[in-house]
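Under this note's numbering, the first residue of the sequence shown is numbered 463, with each subsequent residue one higher.
Structure first, commentary second.
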Amino acid sequence: MVTNLPIYLDHNSTTPCDPRVVEAMLPFFNSAFGNAASRSHAFGWQAEEAVKCAREQVAKLIGAEPGEIVFTSGATESDNLALKGVFEMYAGKGNHIITCNIEHKAVLDSCKHIEKLGGEVSYLNVKENGLIDLAELEAAIRPQTILISIMYANNEIGTIMPMKEISAIARKHDVLLFSDAAQAVGKIPVDVNADGIDLLAISAHKMYGPKGVGALYVRRKNPRVRLTAQIDGGGHEKGMRSGTLNVPGIVGLGKACELCLMEMEEETVRLGSLRDKLENALLQMDDTHLNGSKGNRLPHTTNISFKHLESEALMMGFSKELAVSSGSACMSATPEPSYVLKALGLDDELAHSSLRFGIGRFNTEEEIDYAIEQVTKTVSRLRETNPLREMHKNG
Ligand SMILES: *Cc1c(COP(=O)(O)O)cnc(C)c1O
Numbered sequence: 463m464v465t466n467l468p469i470y471l472d473h474n475s476t477t478p479c480d481p482r483v484v485e486a487m488l489p490f491f492n493s494a495f496g497n498a499a500s501r502s503h504a505f506g507w508q509a510e511e512a513v514k515c516a517r518e519q520v521a522k523l524i525g526a527e528p529g530e531i532v533f534t535s536g537a538t539e540s541d542n543l544a545l546k547g548v549f550e551m552y553a554g555k556g557n558h559i560i561t562c563n564i565e566h567k568a569v570l571d572s573c574k575h576i577e578k579l580g581g582e583v584s585y586l587n588v589k590e591n592g593l594i595d596l597a598e599l600e601a602a603i604r605p606q607t608i609l610i611s612i613m614y615a616n617n618e619i620g621t622i623m624p625m626k627e628i629s630a631i632a633r634k635h636d637v638l639l640f641s642d643a644a645q646a647v648g649k650i651p652v653d654v655n656a657d658g659i660d661l662l663a664i665s666a667h668k669m670y671g672p673k674g675v676g677a678l679y680v681r682r683k684n685p686r687v688r689l690t691a692q693i694d695g696g697g698h699e700k701g702m703r704s705g706t707l708n709v710p711g712i713v714g715l716g717k718a719c720e721l722c723l724m725e726m727e728e729e730t731v732r733l734g735s736l737r738d739k740l741e742n743a744l745l746q747m748d749d750t751h752l753n754g755s756k757g758n759r760l761p762h763t764t765n766i767s768f769k770h771l772e773s774e775a776l777m778m779g780f781s782k783e784l785a786v787s788s789g790s791a792c793m794s795a796t797p798e799p800s801y802v803l804k805a806l807g808l809d810d811e812l813a814h815s816s817l818r819f820g821i822g823r824f825n826t827e828e829e830i831d832y833a834i835e836q837v838t839k840t841v842s843r844l845r846e847t848n849p850l851r852e853m854h855k856n857g
């Protein structure tokens, strides 16, 4: 029996805090409330120790050194810091950045800002499977190229970019590589050294940690990456990000990383089989279309178009039972079809008829069975009364 309705299947937008994360955070709101920068008393030392432990937990999950982790307010800030910080710091070397057109808005809008400051940005197209073309990437590199920014995994379709191949190209041409890994870290193995990544953005609330905290990995050797700070002040985080540290949030992020590392192998298998069950059942219906690549994909994500139906109508149809999304959460207030789906070559109608399902740590098989039932029922009901489909059938 499924009791807690609606069932949350939108884990690419955000995730609930794991109770073990909340428990780890609680003392740092009151009894251990110290400022991690206070060097003169035990309150400060206690906070500093907790931050040190979290820094190790985050670093371990991505194969980094603790000294390479800069705490931020989330992946949006990390994206801004990486792009704008490199652009300013390496102005003497060049002004050209390469990214792709299915990046998160935090990357795309930072690039737009950089263009206004006189930077040049190349936006690579992706193929129908959601991946960039490596030959196109290499061809886009110029003598002035200072940074390649390619997301690790896409938030809407879950496709995973070939980071090792991308970094081989970046290294060959002596260009830094940044990756927005908000959707990948904690879900699939990420190793900044094996993957050859120089800067990497992390968000706690995408991995069962709290909202408003994240990190930027900044490589310290081979090569040593330097950044111009975007927030000036007390010189926290080695001068790269000033502001009193969010100690409870950082402790939560650290704990979330520890749990993801511990449970990743098992969770990948469990979520993959739930996702495949859901996906296979939904694709049984007529006029359904899987968006993105089936192979290189996050285990918990699927994005499906239901031809001739509007995703808004579908979501309204089962809003008491299921919480899913169409396009990305940041875009759902606007009626524009998802730019990610359009970049894959979907026409407006198909892009408007897509739903993203993101399964998470606390979903059960019963809930997935229930979701299959609800979506199937709603699709059939709407199609019976859908004038577009009738017109299509009658030519
Ligand atoms: C969620 C997300 C972000 C933004 O992260 P916040 O921590 O919410 O600022 C950036 N990039 C990707 C790919 C995301 O999924």
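Glycine included, every Cβ here is placed at the ideal spot set by N, Cα and C.
Subject >> Spatial distance of Ala-791 from Ser-475 (CA atoms) >> reply: Note that Ala-791 has pLDDT 48, beneath the 50 cutoff, so the model's placement of it is unreliable and the number below is only indicative. If you take the alpha carbons of Ala-791 and Ser-475, they lie about 6 angstroms apart.
Original post:
Excluding sequence positions up to five away, which residues of its chain have a Cβ less than 7 angstroms from the Cβ of Ser-572?
Top reply: Asp-541, Asn-542, Leu-545 and Lys-546
Original post:
Within 10 angstroms of its Cβ, does Leu-812 collect 16 or more other Cβ (buried), or is it exposed?
Top reply: buried
**OP:** Please find out if some non-hydrogen atom of ligand 1 comes closer than 7 angstroms to the beta-carbon of Asp-642.
**Re:** yes
Subject >> Sufficient close CB pairs (3 or more, under 8 angstroms) joining the segment 754-771 to the segment 808-826 >> reply: yes
Original post:
Under 8 angstroms between the Cβ atoms of Arg-530 and Ala-521?
Top reply: The sequence given here has Glu at residue 530, not Arg. In contact: Glu-530 and Ala-521 (Cβ atoms closer than 8 angstroms).
Original post:
Are Ser-787 and Asp-480 closer than 8 angstroms when you measure CB to CB?
Top reply: no
**OP:** Check whether the Cβ of Asn-617 lies closer than 7 angstroms to any heavy atom of ligand 1, and answer yes or no.
**Re:** yes
Subject >> Pick from Met-724, Lys-782, Leu-752 and Glu-720 that is closest to Asn-591, judged by C-alpha positions >> reply: Leu-752
**OP:** Would you tell me roughly how many angstroms separate the C-alpha atoms of Ala-718 and Val-837, rounded to the nearest one?
**Re:** 31 angstroms
**OP:** Please report how far the alpha carbon of Thr-447 lies from the alpha carbon of Glu-550, in whole angstroms.
**Re:** The structure shown does not extend to residue 447, since the chain is modelled only from 463 to 857, so the question has no answer here.
Subject >> Exposure of Thr-840, with buried meaning 16 or more beta-carbon neighbours within 10 Å >> reply: buried
Subject >> Residues bridged to Ser-611 (per DSSP) >> reply: Phe-640
Subject >> Buried or exposed (CB count within 10 angstroms, at least 16 for buried), Pro-685 >> reply: Classification for Pro-685: exposed.
Subject >> Ser-625 versus Gly-822, Thr-826, Asp-653 and Pro-468, residue with shortest Cα-Cα distance >> reply: Reading off the sequence, residue 625 comes out as Met, not Ser. Here the closest residue by C-alpha is Asp-653.
**OP:** Pair every Cβ in the segment 608-621 with every Cβ in the segment 548-563, then say whether three or more of these pairs are closer than 8 angstroms.
**Re:** yes
**OP:** Confirm the yes/no value for this check: CB of Gly-536, any heavy atom of ligand 1, distance under 7 angstroms.
**Re:** It does: the Cβ of Gly-536 is within 7 angstroms (strictly closer) of some heavy atom of ligand 1.
**OP:** May I ask whether a heavy atom of ligand 1 can be found less than 7 angstroms away from the beta carbon of Leu-503?
**Re:** Here the sequence assigns His to residue 503, which means Leu is not the residue at that position. Not under cutoff, so the answer is no.
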